[in-house]
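Residue numbers for the sequence shown follow UniProt numbering, so the first one is 1 and each next one is one higher. Where is the CB? At the ideal position from N, CA and C, for every residue including glycine. In what follows, a structure is listed as structure tokens, so that the remarks can point back to it.
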Amino acid sequence: MTTLTLTFNGPETQARQALGGLLQRFRSAYFVERSGNEYAVTTDEVTASELARQPQWSSRRVPDQAQH
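See the structure below:
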């Protein structure tokens with residue numbers, strides 16, 4: 001699994017509506033709101049790549065935690 005931070009690049013008032021579109025398209029992804037326009041997303045590698053290419057969103061990968 002891959003974790004991304006997605007940030008909506010439009011007005012914060014439109015972030016939830018834009019998130020709704022992502023939730024409908026990417027049903028296998030797990031979204032957690034961090035702030036009004038930023039979300040942590042955990043999903044498979046293919047879906048993460050697709051999410052990273054969404055217009056109006058910027059993304060950065062969260063580094064994998066070391067396994068002990």
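**Q.** Nearest to Y39 (by Cα), restricted to the options T7, R53, Q24
**A.** When only C-alpha atoms are compared, the closest one is T7.
Q. How would you write the range of the beta strand (DSSP E) that V62 sits in, first residue to last?
A. No beta strand (DSSP E) contains V62, which DSSP labels as neither H nor E.
**Q.** Straight-line Cα distance separating R34 from Q17
**A.** 16 angstroms
Q) Mapping DSSP to helix, strand and coil, what is A52? A) helix
Q. Terminal residues of the continuous beta strand (DSSP E) containing A40?
A. 38-43
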